[in-house]
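Numbering (the numbering used here), first residue to last: 548 to 629.
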């Protein structure tokens with residue numbers, strides 16, 4: 548029987564020299580954004596989320612959750628289920 552579940556994709560990047568040749572690095576990607584008055588929320592997630600959904604898709608899902616009266620914790624839990 549074939550396995551149909553997605554596993555947790557992670558690595559111990561700090562000190563994991565065995566995966567350096569495939570691009571695993573301990574150097575984080577850091578970006579800076581200025582928040583504007585019209586910003587309603589900020590989605591911070593790991594590659595475990597971004598591997599499966601686009602930024603726009605995540606925003607659409609979270610916005611729908613808020614429109615349905617969910618709070619941030621409920622919306623976040625829903626996002627990682629889809």
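In this text, a Cβ means the ideal position worked out from N, Cα and C, and glycines have one as well.
Thinking just about the alpha-carbon of each residue, which of the options is nearest to the one in residue i?
i, options, result
"residue 608", "598, 586, 628", "628"
"residue 587", "618, 624, 625", "618"
"residue 600", "568, 569, 625", "625"
"residue 579", "591, 566, 605", "591"
"residue 602", "622, 565, 584, 589", "589"
When DSSP labels each residue in this structure, what does residue i get in the three-state scheme?
i, result
"residue 620", "helix"
"residue 613", "helix"
"residue 602", "helix"
"residue 592", "coil"
"residue 569", "helix"
"residue 625", "helix"
"residue 574", "coil"
"residue 548", "For residue 548, the predicted structure reports a pLDDT of 48, less than 50, and the residue's modelled location is therefore unreliable. A value from the coordinates is still provided. In the structure shown, residue 548 sits in coil (DSSP, three-state: anything other than H, G, I, E or B)."
"residue 581", "coil"
For my contact list, residue i and residue j are in at a C-beta cut-off of 8 Å; report their separation, rounded to the angstrom.
i, j, result
"residue 612", "residue 622", "4 Å"
For the ligand MG, is there any heavy atom lying closer than 6 Å to the beta carbon of residue i?
i, result
"residue 615", "No copy of the ligand MG occurs in the structure displayed, which carries no ligand at all."
Cβ contact check for the region 571-580 and the region 596-610: 3 or more pairs under 8 Å | no
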